[in-house]
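Q: In the order they appear, the protein sequences are chains V and E.
Under the numbering used here, the first residue of the first sequence carries the number 38, and numbering increases by one thereafter.
Under the numbering used here, the first residue of the second sequence carries the number 28, and numbering increases by one thereafter.
All C-beta atoms, glycine included, are put in the ideal place defined by N, C-alpha and C.
Pasting in a structure now, in structure tokens, and then I'll have a few things to ask.
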Amino acid sequence: MKNKTTYFRFIWRNHRSFAIFSMAFITLLQFLILYLITTFDVPAILSTLLNQFPEKLKIYFSDNFFNTLSLDGAAAFGFNHPLVLTLLAINAINIPVAHITREIESGTLELLLAHPFRRQALLSTLWISGCMILMIIIITALIGSISAAAIYHHVNSALLINLLKIGINLWLLFVLVMSYTLLFAAYKPTGLKASNISSVLTLVFYLLYFLSQLWDTIKFTSYFNIFAYYEPQKLMFGKGNFYLNCSVLTGLIIICYFISRRQFVRRDIP
Amino acid sequence: MIYFDPMENHSLISAQNVTKYYGKVTGVKDISFDVGKGEIFGFLGPNGSGKTTTIRLLLDLLRPSDGKIEIFGLNLLDNSHAIRKRCGYLPGNFSAYGNLTGNEFLKFLAGLRNNSVSGDKKLPERLGISSFDMKRKIRQLSHGTLQKLGIIQAFIHSPELLILDEPTIGLDPLMQYEFYDLLKEYQKEGGTVFLSSHNLSEIERICHRVAIIRKGEIVKDESIVNLRKRMKRKLILNLKSPVENINIPGARLLRKDGLTLEFEVDGDISVLIKHLSSLPVADIVLPEPDLHEIFMNYYNGKHEE
Numbered sequence: 038m039k040n041k042t043t044y045f046r047f048i049w050r051n052h053r054s055f056a057i058f059s060m061a062f063i064t065l066l067q068f069l070i071l072y073l074i075t076t077f078d079v080p081a082i083l084s085t086l087l088n089q090f091p092e093k094l095k096i097y098f099s100d101n102f103f104n105t106l107s108l109d110g111a112a113a114f115g116f117n118h119p120l121v122l123t124l125l126a127i128n129a130i131n132i133p134v135a136h137i138t139r140e141i142e143s144g145t146l147e148l149l150l151a152h153p154f155r156r157q158a159l160l161s162t163l164w165i166s167g168c169m170i171l172m173i174i175i176i177t178a179l180i181g182s183i184s185a186a187a188i189y190h191h192v193n194s195a196l197l198i199n200l201l202k203i204g205i206n207l208w209l210l211f212v213l214v215m216s217y218t219l220l221f222a223a224y225k226p227t228g229l230k231a232s233n234i235s236s237v238l239t240l241v242f243y244l245l246y247f248l249s250q251l252w253d254t255i256k257f258t259s260y261f262n263i264f265a266y267y268e269p270q271k272l273m274f275g276k277g278n279f280y281l282n283c284s285v286l287t288g289l290i291i292i293c294y295f296i297s298r299r300q301f302v303r304r305d306i307p
Numbered sequence: 028m029i030y031f032d033p034m035e036n037h038s039l040i041s042a043q044n045v046t047k048y049y050g051k052v053t054g055v056k057d058i059s060f061d062v063g064k065g066e067i068f069g070f071l072g073p074n075g076s077g078k079t080t081t082i083r084l085l086l087d088l089l090r091p092s093d094g095k096i097e098i099f100g101l102n103l104l105d106n107s108h109a110i111r112k113r114c115g116y117l118p119g120n121f122s123a124y125g126n127l128t129g130n131e132f133l134k135f136l137a138g139l140r141n142n143s144v145s146g147d148k149k150l151p152e153r154l155g156i157s158s159f160d161m162k163r164k165i166r167q168l169s170h171g172t173l174q175k176l177g178i179i180q181a182f183i184h185s186p187e188l189l190i191l192d193e194p195t196i197g198l199d200p201l202m203q204y205e206f207y208d209l210l211k212e213y214q215k216e217g218g219t220v221f222l223s224s225h226n227l228s229e230i231e232r233i234c235h236r237v238a239i240i241r242k243g244e245i246v247k248d249e250s251i252v253n254l255r256k257r258m259k260r261k262l263i264l265n266l267k268s269p270v271e272n273i274n275i276p277g278a279r280l281l282r283k284d285g286l287t288l289e290f291e292v293d294g295d296i297s298v299l300i301k302h303l304s305s306l307p308v309a310d311i312v313l314p315e316p317d318l319h320e321i322f323m324n325y326y327n328g329k330h331e332e
């Protein structure tokens, strides 16, 4: 057990700077979004502006857009902001790549595995550490949102439960990103390849999901898109299917984790 | 040279017909060797000959395509974890985590071994690493100091078997001698060493037995003592005055330079000495048999098949 806690502390030490930066940035962003929404009458300002837009342009601003301008909507939007998703993706991709493929390249993984530290133990500790780091970041973001809501408006149990659901949904989404990165890292010989494949795949999922919202022809792709199983706006307004989202994401995580574990145990180092 | 008779000792490492393919490329092919308990076993070969592949196979980092490896009498594939508990390893081109200090690195590795203490505190001092260096980040250390840190981490938990891949790279001659002393002390205390190197004099100096690997195949596995016995010795004679038609039984003249004659000796040394007494000899030099030539023949593939 001591070797696992030693390795966990080592992983945290390597990633804590960026994790703390992510926590601070995301928390402040949540705070700022809620502050803006509650301090100014943003819906009124934007409605006035939108009325001056041509009709063809107005159709792009759906009800969801106006929902965002409420406190609840803004809290949900904070968890779907591209900067938040990018920071979480960087954390999720960097952790497995840094400790598998980059360590294979530098030769330090060879030294670790020459010690009495089982490959399964290494991989599971790495995966659990990544899950915990992502969880800590999301928990601080939730604390930021709840604090802002408490300071500038009011906090009720519905808001708390919905925020918690969004947090869990977001955490599972990025645990999945981390798990498929682990899968690529377990197969690929170089760190750059594994991180590039994982980054491109995540970006493709995100863009495809965004486009499928606007373009009906590719709407069917959303069934196969991981971002379709993360619905912060819908969850906030009680429309999303939280349990389905969690089940699909958890299923994919388990598949990725066990395949990567099997491959990592079997593969040659380096 | 330490005397060692492998026949008296149990086999600690036993590799039988081990083959490793990397796709279509052969890493090692059908290699077999045994390393006795308490032996310093040299594994010699040029770059790319399969030394590191063999070491990685011994540590279960690579999985053999064919063959069987037993260490401490245990099958490696089934007991890898138990075997690695009893081994110390120094990789070739040793690298460590640049963001840790030397002390933190040793503590981290001790933690991976489920130990709370990081072992013999005198070892860094003996290898010339100051406490100041041990508190510096590893990325700030020189190549030589990093290599010393690698040696320390391999020795520090007093393993039963040491597997060392090119251990003296980057060490100055003084430290190389200190390292050899360390190895000899370790061996006297009952430790076993598997040492890979392409440094011929290093193998000759410290090993009991050597296996020479070339293009993934072991071309020779012999004790250093036996290799020496089979070597043709050299004899250099400095004469007081010239001698015509010198003919010494069991010796072949290799070179004549004025009054200095160099012979290759193949016969009984007592007959030779008796014959030399009849000559006007000013000085005799009998250099230690040098294994370089024999090693080089195996390196180049010029050995007798």
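1. Return the residue from the list V:Ile74, V:Ser84 and V:Ile127 that minimises the CA-CA distance to V:Asn233.
2. First and last residue of the beta strand (DSSP E) that includes E:Leu281?
3. Using the beta-carbon of each residue, which ones in chain E are nearer than 8 Å to V:Ser143?
4. Residues of chain E with CB closer than 7 Å to the CB of V:Phe154, please, in chain order.
5. Give, in chain order, every residue of the stretch 179-193 of chain E whose Cβ lies closer than 7 Å to some Cβ of chain V.
6. Figure out for me which residue from E:Gly115, E:Asp87 and E:Ile311 has the closest Cα to the Cα of E:Pro194.
7. List, in chain order, every chain V residue whose beta-carbon is nearer than 7 Å to that of E:Pro118.
8. Indicate whether at least one CB of chain V lies closer than 8 Å to the CB of E:Arg163.
9. So who's on the other strand from E:His68, going by DSSP bridges?
10. Go to E:Gly115, then tell me how far its beta strand (DSSP E) extends in each direction, as first and last residue.
11. Put E:Thr46 into one of helix, strand or coil per three-state DSSP.
12. Please classify V:Thr43 as buried or exposed, where buried requires at least 16 neighbouring CB atoms within 10 angstroms.
13. Run through DSSP, which three-state label would E:Asn102 get?
14. Would you be able to state if there are at least three C-beta pairs under 8 Å between the stretch 285-299 of chain E and the stretch 236-246 of chain E?
15. Sorry if obvious, but does the Cβ on V:Ala231 come closer than 7 Å to a heavy atom of the ligand HEM?
16. Within 8 Å (strictly less), CB to CB, does V:Asn128 reach chain E?
17. Within the continuous beta strand (DSSP E) that includes E:Leu266, where are the two ends?
18. Does chain V have any CB closer than 8 Å to the CB of E:His108?
19. On the three-state DSSP scale, how would you describe E:Ile190?
20. For the stretch 86-111 of chain E, which residues have a beta carbon sitting closer than 7 Å to at least one beta carbon of chain V?
21. Are the stretch 208-222 of chain E and the stretch 178-194 of chain E in contact at 8 Å, needing three or more beta carbon pairs?
22. How would you list, in chain order, the residues of chain V whose beta-carbon sits under 7 Å from the beta-carbon of E:Leu136?
23. In whole angstroms, what is the alpha-carbon distance linking V:Val241 and V:Leu65?
24. Where does E:Thr195 sit, in a helix, a strand or coil, going by DSSP?
25. Name the two residues that bound the continuous alpha helix (DSSP H) containing V:Gly167.
26. With 16 as the cutoff for other CB atoms within 10 Å, does V:Ser166 come out buried or exposed?
27. E:Gln174 and E:Leu209 - do their beta-carbons sit closer together than 8 Å?
28. Given that V:Lys39 touches chain E, what residues does it touch there, using C-beta distances under 7 Å?
29. Once you ignore the five residues that flank V:Thr258 on each side, which residues in its own chain have a CB closer than 7 Å to its CB?
30. Residues of chain E with a CB under 9 Å from the CB of V:Ser305: which are they?
31. Counting only beta-carbon separations shorter than 8 Å, does V:Phe47 have a partner in chain E?
32. Among residues of its own chain, excluding the 5 on either side of E:Lys47, which ones have a beta-carbon nearer than 7 Å to its beta-carbon?
33. Out of E:Phe322, E:Lys256 and E:Leu103, point me to the one whose CA is closest to E:Glu229's CA.
34. Pull up the distance between the alpha-carbon of E:Val298 and that of E:Arg232, whole angstroms please.
35. Using a beta-carbon distance below 8 Å, is V:Thr138 in contact with chain E?
36. Among residues of its own chain, excluding the 5 on either side of E:Tyr213, which ones have a beta-carbon nearer than 8 Å to its beta-carbon?
A: Concretely, from the data shown:
1. One-based indexing of the first sequence puts residue 233 of chain V at position 196. Considering only alpha carbons, the answer is V:Ile127.
2. Counting from 1 along the second sequence, the entry for residue 281 of chain E is found at position 254. Where E:Leu281 is concerned, the enclosing beta strand (DSSP E) stretches over Ala278 to Asp284.
3. If you number the first sequence from 1, residue 143 of chain V lands on position 106. Ser122, listed in chain order.
4. To locate residue 154 of chain V, count along the first sequence from 1; it is residue 117. The contacting residues are Leu139.
5. none
6. Looking up residue 194 of chain E in the second sequence gives position 167. Comparing Cα positions, the closest option is E:Gly115.
7. Translated into the one-based positions of the second sequence, residue 118 of chain E becomes position 91. Chain V residues near E:Pro118: Gly144, Glu147 and Leu148.
8. What you label residue 163 of chain E is simply residue 136 of the second sequence in a count that begins at 1. No, E:Arg163 lies away from the interface with chain V (no Cβ there is under 8 Å from its Cβ).
9. For the purposes of this step, residue 68 of chain E is taken as residue 41 along the second sequence, with counting starting at 1. It should be pointed out that residue 68 of chain E corresponds to Phe in this sequence rather than to His. Partner(s): E:Phe221 and E:Arg236.
10. Sequence index remark: in the second sequence, residue 115 of chain E carries index 88 (1-based). Cys114 to Leu117 is the extent of the beta strand (DSSP E) around E:Gly115.
11. Sequence index remark: in the second sequence, residue 46 of chain E carries index 19 (1-based). It is a strand residue.
12. Stepping through the first sequence from its first residue, residue 43 of chain V is reached at position 6. Looking at its Cβ environment, which holds 16 or more other Cβ atoms inside 10 Å, V:Thr43 is buried.
13. Stepping through the second sequence from its first residue, residue 102 of chain E is reached at position 75. Three-state result, E:Asn102: strand.
14. no
15. Among the ligands in the structure shown, none appear at all, so the ligand HEM cannot be discussed.
16. Counting from one through the first sequence, the residue named residue 128 of chain V turns up at place 91. Not closer than 8 Å to any Cβ of chain E, the Cβ of V:Asn128 fails to qualify, so no.
17. As a working mapping, residue 266 of chain E is identified with position 239 in the second sequence. Start and end: Arg260 to Leu266.
18. In the second sequence, residue 108 of chain E corresponds to position 81, counting from 1. Yes, its Cβ sits closer than 8 Å to a Cβ of chain V.
19. Taking the second sequence and counting its residues from 1, one reaches residue 190 of chain E at position 163. In the structure shown, E:Ile190 sits in a strand (DSSP, three-state: E or B).
20. Leu86, Leu88, Leu89, Arg90, His108 and Arg111
21. yes
22. Here residue 136 of chain E refers to the residue found at position 109 when the second sequence is read from its first residue. His152, listed in chain order.
23. For this step, residue 241 of chain V is matched to residue 204 along the first sequence. For this step, residue 65 of chain V is matched to residue 28 along the first sequence. Going from the Cα of V:Val241 to the Cα of V:Leu65 covers about 28 Å.
24. Mapped onto the second sequence, residue 195 of chain E falls at position 168. Reduced to three states, the DSSP call for E:Thr195 is coil.
25. As a first step, residue 167 of chain V is located in the first sequence; it is residue number 130 there, counting from the start. Looking at the DSSP string, the run of the alpha helix (DSSP H) that includes V:Gly167 is Arg156 to Tyr189.
26. For the purposes of this step, residue 166 of chain V is taken as residue 129 along the first sequence, with counting starting at 1. It is buried - the Cβ of V:Ser166 has at least 16 other Cβ atoms within 10 Å.
27. Against the second sequence, residue 209 of chain E aligns to sequence position 182. Against the second sequence, residue 174 of chain E aligns to sequence position 147. For E:Leu209 and E:Gln174, no; Cβs fall outside 8 Å.
28. Numbered from 1 along the first sequence, position 2 holds the residue referred to as residue 39 of chain V. Under the 7 Å cutoff, chain E gives Gly138 and Asn141.
29. Along the first sequence, one-based indexing puts residue 258 of chain V at 221. If we look at V:Thr258 and ignore the five residues flanking it on each side, its Cβ neighbours are Leu245 and Ser249.
30. For the purposes of this step, residue 305 of chain V is identified with residue 268 of the first sequence, where counting begins at 1. Checking the sequence shown, residue 305 of chain V turns out to be Asp, not Ser. In chain order: Lys47, Tyr49, Arg83, Leu88, Leu89 and Arg90.
31. The count along the first sequence starts at 1 and reaches residue 47 of chain V at position 10. With 8 Å as the cut-off, V:Phe47 counts as an interface residue toward chain E.
32. Residue 47 of chain E sits at position 20 when you count from the first residue of the second sequence. These residues qualify, in order along the chain: Gly54, Val55, Thr80, Leu84, Leu89, Pro91 and Ser92.
33. Position 202 of the second sequence, counted from the first residue, corresponds to residue 229 of chain E. The candidate whose alpha carbon is nearest that of E:Glu229 is E:Phe322.
34. Position 271 of the second sequence, counted from the start, is the residue given in the question as residue 298 of chain E. Position 205 of the second sequence, counted from the start, is the residue given in the question as residue 232 of chain E. Distance between the alpha carbons of E:Val298 and E:Arg232 is about 30 Å.
35. Locating residue 138 of chain V in the first sequence gives position 101, where the first residue counts as 1. No, its Cβ sits nowhere closer than 8 Å to a Cβ of chain E.
36. Numbered from its first residue, the second sequence carries residue 213 of chain E at position 186. The residues are Phe182, Leu189 and Val220.
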